[in-house]
Structure formats: structure tokens, C-alpha cells
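Protein chains in written order, with the numbering used here: chain A, 1 to 140; chain B, 1001 to 1140.
Inspection log for the structure reproduced underneath, given as C-alpha cells.
Protein chains: 2
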Amino acid sequence: MIFSRKTDYGLRALMYLAERRARGPVTLSEIAEKLMIPKAFLSKILQQLAKKGVVRSLKGPSGGFVLAVEPAEVTLQEILTEIDGPTRVFECFATESDCTLYGDCLMRDVFGEVEDQIGKVLARYTLADFRYTDKLPAKA
Amino acid sequence: MIFSRKTDYGLRALMYLAERRARGPVTLSEIAEKLMIPKAFLSKILQQLAKKGVVRSLKGPSGGFVLAVEPAEVTLQEILTEIDGPTRVFECFATESDCTLYGDCLMRDVFGEVEDQIGKVLARYTLADFRYTDKLPAKA
DNA sequence: CTGAACAGGACCAATGTAGTCCGCTATTTC
DNA sequence: GAAATAGCGGACTACATTGGTCCTGTTCAG
């Protein structure tokens, strides 16, 4: 799996915040409860996103978290990178001297290409493309 | 990291076998030593590839492993899938009833797209595109 | 000042990855 | 048909990462 549970939690929390950002700060407890995410764990994730400037955190009563960016301005790629770090596809485990391709390692190129493609797809979507829907659809 | 050390070992071993497949079976020990891969571990990987039909294994003296396919006929995608299983990009950790997108989850589409792109790149390369070079380049 | 709410460090459990060990089985060669 | 050779395969271990908890501290509105 490329993306972790942490990423999933983070993404959903951001979607939730995007939907409410007009209504002032949302508390950790509310997000955790609504999205069924362990509170203490979500806390870490939001702390991390706060440090990167994606959300802003307000302490004290009537505090909470607010989205600090325009939903349409932040791409999935940025979000995922900020939560999980850059998506590394492949690590070469041969040392230079025992590398069977040493000199012109085509593998490097292939996996670089893979990374580029992943980045391209993720950069095409922003937070604004995903809508938090509070309840289940009317019924299918 | 998407691809594991196991994948790296497996790929290199296959490259080695591709280069020697005219010269009969190559023993586990030889591959392990030349490529600096722990023997017992490589054994597992080759066993796995043997079950999938990518290599053939011969027991007894003068036995070993032979590549069972045409290098140009087997894509990186097939090899990687056989070693590590299919590359899953994302697992949705929300249950249906607490999914904030339930109904038409765009996320699924995005990550499906990512998987497709990865597959496309990997399917463009075959074992024949990579050459095992026994020694270091003449010097740069 | 008090209680709501986030910050952050320490800690813990489960999982997956990487790797080892060893007895078993098959095959070849003499 | 015995050795010797080589892969098979199950059980086991070590380590890192992930997912998650807990507790103490800090900030701030009312």
C-alpha cells in the first residue's frame, strides 16, 4: 500500500474542515467523532498539518482547527506529501560496486518515470474536488 | 517505498538468469554470491518465481535455476506483481456508513487512475531492456 | 481563575519485512 | 545404489514501521 491510514484520516479531516471553514474553528473531538477516527491519533495528524500551514489551530475555549488554505489551491499531491512524506517508489539496494547495471542503470529511469506519473495524477486534483457529505445519499 | 528489497533481489536475479540462460542452470549459490544477496532469502524468492513459471528449477547435482520465459516477453509489471503482489495504492479505511463521500467516492477514481498509470509505465518495459553487466564500466 | 482545547513527549502493540535454520526430497554421478 | 549436490519448505527470529494511547503542560475565552 502506498498511502497509509494516516493519509486517509488526514484527507478526510481536511475535507471536513474545508466544508466548515466559514463557520469558525472545529474541535478535534467533533472531527474525530464524526469521522470515526481515534482522537489522539488524529491530534497528531492535525498537529503535523498545522506545522506545515495547511490548517491553523486555535487553543482555548472556542478553539479548534480551521483550514488555512483555499481548498482549490491545495493539490492532493501537496497534502499527501505533507502527511506521509514524498512517495518513493524504489530504493536500489545494490551497492555501487555490486550493481549489475552500474554505469547506466535503466531501472532508475523506469522508477523515476513511475514517480512522475503518480505526481502528475495527484497534482490534477485539489481539495475542492472532494465534497464532504454529511449524510448518506437519499437512497439508491 | 512501493517496491521492496525482495523485488530488487528478484529483479536482479532474473536479469542474471536472462544473461546466462543459454548456458544451462545456474545454482542458487552462484547467483547469491555474484549479486550479494543472502542465499536463504534469495532461495525463497526464486521458489516463488518458480511456482509462477517465470523460472524453472532443477534439483540435484548440475541443477539450479533457468529462466523459463523469453526476456522480451515478460514485462516489469508482471515480474513485480509476481514478486510483491499487485501494487495497491490506497485502501479506504472508512466503513461505508461513516464514509464522508459515500455514494460517489471520487477518491476511488483518483487512486484507480494512479494505479493505472503505474501499470502503464511498468508494462512498457521487459526483462530484455535491462542488461546484466558482469564488471564495472571501463572507467569514466 | 477555571475549564476547554491544543501541544508534544513517552510509551506500547500489531504488523510486515527481511532474513535464518534445518531437516527433507529429488537427481545425478560414479 | 550410495554419495554428493541442489532445491523445497516449514518454523522461527530480529527489526522497523505503523497505528495508537496516555499523560502532563500550555494557552486562552469568559
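C-beta: ideal position from N, C-alpha, C; glycine also.
Bear in mind that the values here come from a model prediction, so they are computed numbers and not experimental data.
Member of the options whose CA lies at the smallest distance from the CA of residue i
| i | options | result |
| --- | --- | --- |
| Ile118 (chain A) | A:Gly103, A:Phe130, A:Leu76 | A:Leu76 |
| Leu42 (chain A) | A:Tyr16, A:Ser62, A:Gly24, A:Arg23 | A:Tyr16 |
| Leu11 (chain A) | A:Ile45, A:Ile2, A:Pro38, A:Arg23 | A:Ile45 |
| Leu66 (chain A) | A:Asp129, A:Thr7, A:Ala18 | Looking at the sequence provided, one finds Val at residue 66 (chain A) rather than Leu. The shortest Cα separation from Val66 (chain A) among A:Asp129, A:Thr7, A:Ala18 belongs to A:Ala18. |
| Arg1131 (chain B) | A:Arg124, A:Glu113, A:Leu106 | A:Leu106 |
| Val55 (chain A) | A:Val114, A:Lys39, A:Glu115, A:Val74 | A:Val74 |
| Ser4 (chain A) | A:Val114, A:Pro25, A:Gly85, A:Ala68 | A:Gly85 |
| Met36 (chain A) | B:Gly1063, B:Gly1112, B:Phe1093, B:Ala1123 | B:Phe1093 |
| Asp1109 (chain B) | A:Arg20, A:Asp129, A:Ser57 | A:Asp129 |
| Ala1072 (chain B) | B:Ala1022, B:Gly1112, B:Tyr1125 | B:Tyr1125 |
| Val89 (chain A) | A:Gln47, A:Glu113, A:Arg23 | A:Glu113 |
| Ser62 (chain A) | A:Arg23, A:Ile2, A:Phe111, A:Leu127 | A:Arg23 |
| Ile2 (chain A) | B:Leu1127, B:Glu1091, B:Ser1097 | B:Glu1091 |
| Leu1127 (chain B) | B:Ala1068, B:Gln1047, B:Phe1111 | B:Ala1068 |
Whole-angstrom distance between residue j and residue i, CA atom to CA atom
| i | j | result |
| --- | --- | --- |
| Lys139 (chain A) | Thr133 (chain A) | Summary for Lys139 (chain A): the model assigns pLDDT 49, below 50, so the residue's position carries little reliability; its value from the coordinates is reported in the next sentence. Spanning the two alpha carbons is a distance of roughly 14 angstroms. |
| Val1121 (chain B) | Lys1052 (chain B) | 22 angstroms |
| Gly60 (chain A) | Thr27 (chain A) | 10 angstroms |
| Thr1087 (chain B) | Leu1080 (chain B) | 8 angstroms |
| Leu1049 (chain B) | Ile1083 (chain B) | 7 angstroms |
| Glu70 (chain A) | Ala1040 (chain B) | 53 angstroms |
| Asp116 (chain A) | Asp8 (chain A) | 22 angstroms |
| Leu58 (chain A) | Gly64 (chain A) | 5 angstroms |
| Thr95 (chain A) | Ala1123 (chain B) | 27 angstroms |
| Arg1021 (chain B) | Gln47 (chain A) | 55 angstroms |
| Glu78 (chain A) | Ser1097 (chain B) | 28 angstroms |
| Lys6 (chain A) | Pro1025 (chain B) | 46 angstroms |
| Pro38 (chain A) | Ala13 (chain A) | 12 angstroms |
| Phe111 (chain A) | Phe1111 (chain B) | 18 angstroms |
DSSP state of residue i mapped onto helix, strand, coil
| i | result |
| --- | --- |
| Thr1100 (chain B) | coil |
| Thr1133 (chain B) | coil |
| Lys120 (chain A) | helix |
| Ala140 (chain A) | Note that Ala140 (chain A) scores a pLDDT of 47, beneath 50, so its modelled location is shaky; the value from the coordinates is reported in the next line. In the structure shown, Ala140 (chain A) sits in coil (DSSP, three-state: anything other than H, G, I, E or B). |
| Leu127 (chain A) | helix |
| Phe3 (chain A) | coil |
| Leu11 (chain A) | helix |
| Gly1112 (chain B) | helix |
Contact test: residue i Cβ vs the ligand MG heavy atom, cutoff 8 angstroms
| i | result |
| --- | --- |
| Lys51 (chain A) | Only the bare structure without any ligand can be found here, which leaves the ligand MG out of the picture. |
TODO: For the stretch 1026 to 1094 of chain B, list the alpha helix (DSSP H) runs that are entirely contained and at least 4 residues long, ordered along the chain.
DONE: For the stretch 1026 to 1094 of chain B, whole alpha helix (DSSP H) runs of length 4 or above, ordered along the chain, are 1028 to 1035, 1039 to 1051, 1076 to 1084.
Open item on the list: Under 8 angstroms: do the stretch 1097 to 1114 of chain B and the stretch 1028 to 1036 of chain B share three or more Cβ pairs, one atom per stretch?
Closed with: Output reads no: the stretch 1028 to 1036 of chain B does not touch the stretch 1097 to 1114 of chain B.
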